[in-house]
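Just so you know, the protein sequences line up as chains A and B, in that order.
Number 131 in our numbering belongs to position 131 of the first sequence; there are no gaps in the numbering.
Number 65 in our numbering belongs to position 65 of the second sequence; there are no gaps in the numbering.
Virtual Cβ for every residue (Gly too), placed ideally from N, Cα, C.
Bear in mind that the values here come from a model prediction, so they are computed numbers and not experimental data.
2 protein chains.
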Amino acid sequence: MNRKVFEFQSKPGILSSCAVGGRLEKEGPLGSYFDITETDTTFGMESWEKAETKMVEICSTLALEKAKAAADEIDLVFAGDLMNQCTASSFAFRQTQIPYIGLYGACSTFALSLGLAAMSLETGFAKRTMAVASSHFCSAERQYRFPIEYGNQRTPTSQNTVTGVGAVILGEQQGERIAVTEFLPGRIHDYKIKDVNNMGAAMAPAALYTLKRYFSFSDKKPEDFDLIVTGDLGMEGKNILIELGASHGLILGENYNDCGVMIYDLENQDVHAGGSGCGCSASVFSGYLMDQLRCGNLNDILLVGTGALLSPTTALQKESIPGIAHLVRIQRVK
Amino acid sequence: MNRKVFEFQSKPGILSSCAVGGRLEKEGPLGSYFDITETDTTFGMESWEKAETKMVEICSTLALEKAKAAADEIDLVFAGDLMNQCTASSFAFRQTQIPYIGLYGACSTFALSLGLAAMSLETGFAKRTMAVASSHFCSAERQYRFPIEYGNQRTPTSQNTVTGVGAVILGEQQGERIAVTEFLPGRIHDYKIKDVNNMGAAMAPAALYTLKRYFSFSDKKPEDFDLIVTGDLGMEGKNILIELGASHGLILGENYNDCGVMIYDLENQDVHAGGSGCGCSASVFSGYLMDQLRCGNLNDILLVGTGALLSPTTALQKESIPGIAHLVRIQRVK
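Laid out in structure tokens, this is it:
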């Protein structure tokens, strides 16, 4: 039985984190936790795709500075995004000498990169690694839906792709620290949802089953954590997960939230069901959540990155939308 | 300095391998080493994209059978392809219960998946893992170039995307075995090549620098290996690598070859500079090379997966083509 939770004996520490965002993210409730926000969504570049690459460069550079690390001290970077062929990430790291592992986990990519970056440290060969994920509203709209200029109307269950990047540097660390202690890679679940404007519904079952697997191996209960936070189910998916969970005996209480719900003011910002995209959980984790972990408001959390593994081609070919959810546990350890 | 070669103390064994191919691959010089070939490029499906997913399902299922392993005995699968959002892989594994790690390394994906699958075994948490990569000529043409129906003329330096899949099962193994013993993740190198019909030229510098880094850490010399084999430089890129190597003091002799050159009869098959695509090195390794390793004709080889990290969008935006090359060493060990 493939029932393993990867428990990291070395408990790799998060040496630094950095979050970069756009205008909507700055105006949201977590705006002050971003390291850098920019109201010009082009970030001074000539296309949105290049803007996203620029954001990844800015974010990873600042994460390195905060960790007082040079790029050539990083043994591996794990990175990914939503662009075709993941070019936001690969084009950002072509300027560096950092060995590069490209990931595709749709919006679950940040949790996946965090888990794998910790795993590579656990082997002892890597001493410092970086985990990064990004998305950009405009590049994602062009990629998955319609060009912005078209002024497409969005449905109530649709989510707003976060213009954001999160990057963390992980490494061997002694003493009290914020550490990645567990990693449970997700399986793919397909609940036959076909509505490309309802990603929350497509991803919620994957989050449910990953959490169920986790608690089936663990002696912990959901209420033992300061926070269980899914990546980007949005309000629709969050409510589905709470309901689905209850019907499966997994009671998610006050300590459950979703990065896609947290990042925006759903009442007053025009974002429909909330935020989505690789950059959603990446920037909420690297900004707000890391701040709360550092200051001790949170000490033990589960981050459940959620991804919808569709493409425009699979949607056109009338395929349903498989979901995946990767779980990482982040704890204050001594 | 990020100068690490990952040396696997556990020397994980390759328990089984399987290669699936199309008509051209069957007719090529390595045709008899494929486990399954199909002259119908749709593999009975209604689209080429679904055909590629079907091939991945067939290949991974047979690899499991050959390893006498059930899907739920596999702790992790590392998989990737060339499709937007890597759907050939993710749609294939939605039928299984195997925890899934999606990779994007362009045509270098197979070496990357092999290296990471071995790394996850080295931590001791995973006991059996799978590494898979795929490509399909028709889905790649539609994805990157023109629909087949258009009858686009190809340039002499262009390569033919292999319709093929390779899958291997890795695991703890004692005694004499074919093992993955080293992994050197590649950096991204951009030589400012902009010709999307000359991937060999775009990828050759990455292969050069990965090999140079490897030999700078190793006490081995190129001639100490039975074979050094790049993924899919094709004849053009192979010759560039030999020339570039010579000018950098890296002499690649008779024991150097390229999967893209080996898989087709370049004189008599209409494939221009040779084969390319994730499925090229994946199927050549999982079929022919594993056969040669098993029977003892090869005992110590370096597989250097090569990838061109472009997308149709980056090409349209006049970007150059970054390359990457990941190296794995496969050895008979006792």
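Query raised in the report: Can the beta-carbon of Val284 of chain A be found closer than 7 Å to that of Ile263 of chain A?
Result: By 1-based counting over the first sequence, the position of residue 284 of chain A is 284. By 1-based counting over the first sequence, the position of residue 263 of chain A is 263. Yes. Within cutoff.
Query raised in the report: Under a Cβ-count criterion, where at least 16 other Cβ atoms within 10 Å of its own Cβ denotes burial, should Arg294 of chain A be classed as buried or exposed?
Result: To locate residue 294 of chain A, count along the first sequence from 1; it is residue 294. The residue in question, Arg294 of chain A, is exposed, as its Cβ has fewer than 16 Cβ neighbours within 10 Å.
Report task. Find the residues of chain A that neighbour Phe43 of chain B, judging by a C-beta separation of less than 8 Å, and give them in chain order. Result -> In the second sequence, counting from the first residue as 1, residue 43 of chain B sits at position 43. Neighbours of Phe43 of chain B on chain A: none; closest Cβ ~15 Å, over 8 Å.
**Report entry** Minimum Cβ-Cβ distance from Ser47 of chain A to chain B less than 7 Å
**Finding:** Walking along the first sequence from the start, residue 47 of chain A turns up at place 47. Yes, contact with chain B.
Report task. Give the secondary structure of Ser16 of chain B by DSSP, where H, G and I count as helix, E and B as strand, and everything else as coil. Result -> To locate residue 16 of chain B, count along the second sequence from 1; it is residue 16. The answer is strand: DSSP assigns Ser16 of chain B an E or B state.
Query raised in the report: Anyone know if the C-beta pair for Val5 of chain A and Phe137 of chain A falls short of 7 Å?
Result: By one-based count along the first sequence, residue 5 of chain A stands at place 5. By one-based count along the first sequence, residue 137 of chain A stands at place 137. No, the Cβ-Cβ distance between Val5 of chain A and Phe137 of chain A is not below 7 Å.
**Report entry** Cβ-based burial, Tyr150 of chain A [other Cβ within 10 Å; buried from 16]
**Finding:** On the first sequence, residue 150 of chain A is found 150 positions in, with the first residue counted as 1. Flag for Tyr150 of chain A reads exposed.
Query - Interfacial residues, the segment 111 to 126 of chain A to chain B, with Cβ spacing under 8 Å - result: Leu112, Leu116, Met119, Ser120, Glu122, Thr123, Phe125 and Ala126
Requested in this report: Tell me the start and end of each unbroken beta strand (DSSP E) in the segment 18 to 94 of chain B that is at least 3 residues and wholly inside, in chain order.
Outcome: 76 to 80
Query - CB contact below 7 Å: Lys4 of chain A versus chain B - result: What you label residue 4 of chain A is simply residue 4 of the first sequence in a count that begins at 1. For Lys4 of chain A, the answer is yes, since a Cβ of chain B falls inside 7 Å of its Cβ.
Query raised in the report: What did DSSP end up calling Asp270 of chain B once you bin it into helix, strand or coil?
Result: Within the second sequence, the letter at position 270 stands for residue 270 of chain B. Three-state result, Asp270 of chain B: coil.
Report task. Would you mind reading off the limits of the beta strand (DSSP E) that contains Asp291 of chain B? Result -> On the second sequence, residue 291 of chain B is found 291 positions in, with the first residue counted as 1. It is not in any beta strand (DSSP E) - Asp291 of chain B instead sits in the alpha helix (DSSP H) that spans Met290 to Cys295.
Requested in this report: Identify the continuous alpha helix (DSSP H) that holds Phe338 of chain B and give its terminal residues.
Outcome: This structure cannot settle anything about residue 338 of chain B, because the visible part of chain B is limited to 1 through 334.
**Report entry** Alpha-carbon to alpha-carbon, Asp291 of chain A and Gly287 of chain B
**Finding:** Counting from one through the second sequence, the residue named residue 287 of chain B turns up at place 287. Counting from one through the first sequence, the residue named residue 291 of chain A turns up at place 291. Approximately 51 Å between the Cα atoms of the pair.
Requested in this report: Under 7 Å between beta-carbons, which chain A residues line up against Ser311 of chain B? List them in chain order, please.
Outcome: What you label residue 311 of chain B is simply residue 311 of the second sequence in a count that begins at 1. Neighbours of Ser311 of chain B on chain A, chain order: Met83, Asn84, Gln85 and Thr87.
Query raised in the report: Which residue's Cα is closest to the Cα of Ile58 of chain A: A:Cys18, A:Leu82 and A:Ser47?
Result: As a working mapping, residue 58 of chain A is identified with position 58 in the first sequence. Ranking the options by Cα distance to Ile58 of chain A, first place goes to A:Cys18.
Query raised in the report: Got a sec, what are the start and stop residues for the beta strand (DSSP E) Leu327 of chain A sits in?
Result: Here the question's residue 327 of chain A lines up with position 327 in the first sequence. Annotation for Leu327 of chain A: the continuous beta strand (DSSP E) segment containing it runs Gly323 to Val333.
Query raised in the report: Who does Ser120 of chain B pair with in a DSSP beta bridge?
Result: Here residue 120 of chain B refers to the residue found at position 120 of the second sequence. The partner list for Ser120 of chain B (beta bridge, DSSP) is empty, contrary to what the question assumes.
Requested in this report: Using a cut-off of 9 Å between C-beta atoms, extract the partners of Tyr150 of chain A located in chain B.
Outcome: Reading the first sequence from its first residue, position 150 is the one you call residue 150 of chain A. Under the 9 Å cutoff, chain B gives no residues; its nearest Cβ is about 17 Å from Tyr150 of chain A.
Query raised in the report: Is it buried or exposed for His189 of chain B, if we count other Cβ within 10 angstroms and need 16 for buried?
Result: Looking up residue 189 of chain B in the second sequence gives position 189. Answer is buried; the Cβ neighbour count reaches 16.
Query raised in the report: Closest by CA to Asn257 of chain A, which one among A:Gly231, A:Ala282, A:Cys280 and A:Gly277?
Result: Taking the first sequence and counting its residues from 1, one reaches residue 257 of chain A at position 257. It is A:Gly231 whose Cα lies nearest to the Cα of Asn257 of chain A.
Query raised in the report: Should His74 of chain B and Met119 of chain B be called a contact, given that it needs their Cβ atoms to be closer than 7 Å?
Result: Counted from its first residue, the second sequence places residue 74 of chain B at position 74. Counted from its first residue, the second sequence places residue 119 of chain B at position 119. Here the sequence assigns Ile to residue 74 of chain B, which means His is not the residue at that position. No, Cβ-Cβ distance for Ile74 of chain B and Met119 of chain B is not below 7 Å.
Query raised in the report: Which value, in whole angstroms, describes the spacing of the CA atoms of Lys386 of chain B and Ser16 of chain B?
Result: Since the first and last residues shown for chain B are 1 and 334, residue 386 of chain B lies out of range.
Query - Reference Thr155 of chain A; option with closest CA among A:Leu116, A:Phe125 and A:Met199 - result: In the first sequence, residue 155 of chain A corresponds to position 155, counting from 1. When each option's Cα is compared against that of Thr155 of chain A, the closest is A:Met199.
Query raised in the report: Secondary structure at Ile98 of chain A, three-state DSSP: helix, strand or coil?
Result: Within the first sequence, numbered from 1, the residue matching residue 98 of chain A stands at position 98. Coil at Ile98 of chain A, not helix or strand.
Query raised in the report: Would you report the Cα separation of Met1 of chain B and Asn239 of chain A, rounded to the nearest angstrom?
Result: As a working mapping, residue 1 of chain B is identified with position 1 in the second sequence. As a working mapping, residue 239 of chain A is identified with position 239 in the first sequence. Since pLDDT at Met1 of chain B reaches only 48, below the 50 mark, its modelled position is unreliable, and the value read off the structure follows with that caveat. Looking at the two C-alpha atoms, the distance is approximately 47 Å.
**Report entry** Opposing strand residues paired with Gly164 of chain A [DSSP bridges]
**Finding:** For this step, residue 164 of chain A is matched to residue 164 along the first sequence. DSSP output for Gly164 of chain A lists A:Gly21 and A:Ser135 as bridge partner(s).
Query raised in the report: Shortest alpha-carbon distance to Ile148 of chain A belongs to which of A:Ser47, A:Pro29, A:Asp195 and A:Tyr209?
Result: In the first sequence, residue 148 of chain A corresponds to position 148, counting from 1. Measuring from the Cα of Ile148 of chain A, the nearest candidate turns out to be A:Ser47.
Query raised in the report: Candidates B:Cys280, B:Asp195, B:Cys86 and B:Ser90: which alpha carbon is nearest Leu30 of chain B's?
Result: Reading the second sequence from its first residue, position 30 is the one you call residue 30 of chain B. Of the candidates B:Cys280, B:Asp195, B:Cys86 and B:Ser90, the residue whose Cα lies closest to the Cα of Leu30 of chain B is B:Cys280.
Report task. Thinking Leu302 of chain A and Ile242 of chain A are a contact (beta carbons under 8 Å), I'd like their distance in whole angstroms, please. Result -> Working through the first sequence from its first residue, we reach residue 302 of chain A at position 302. Working through the first sequence from its first residue, we reach residue 242 of chain A at position 242. Wrong, their Cβ atoms sit about 15 Å apart, outside the cutoff.
Query raised in the report: In this structure, what does DSSP give as the bridge partners for Arg177 of chain B?
Result: Counting from one through the second sequence, the residue named residue 177 of chain B turns up at place 177. Answer is B:Val333.
Query - Residue interval of the alpha helix (DSSP H) (run including Asn152 of chain A) - result: Taking the first sequence and counting its residues from 1, one reaches residue 152 of chain A at position 152. It is not in any alpha helix (DSSP H) - Asn152 of chain A carries neither H nor E in the DSSP assignment.
Query raised in the report: Under three-state DSSP, which class holds Ile242 of chain A?
Result: In the first sequence, residue 242 of chain A corresponds to position 242, counting from 1. Helix.
**Report entry** Sequence-distant residues of the same chain with beta carbon closer than 6 Å to Glu182 of chain B, five excluded per side
**Finding:** Taking the second sequence and counting its residues from 1, the one referred to as residue 182 of chain B is at position 182. Answer for Glu182 of chain B: Val5, Glu7 and Arg329, listed in chain order.
Query raised in the report: Relative to chain C, which residues along the segment 181 to 202 of chain B have a C-beta separation below 7 Å, given in chain order?
Result: Considering every chain present, this structure includes no chain C. Its protein chains are A and B.
Query raised in the report: Got a sec: which bits of the segment 270 to 285 of chain B sit with their beta carbon under 8 Å from any beta carbon on chain A, in order along the chain?
Result: none
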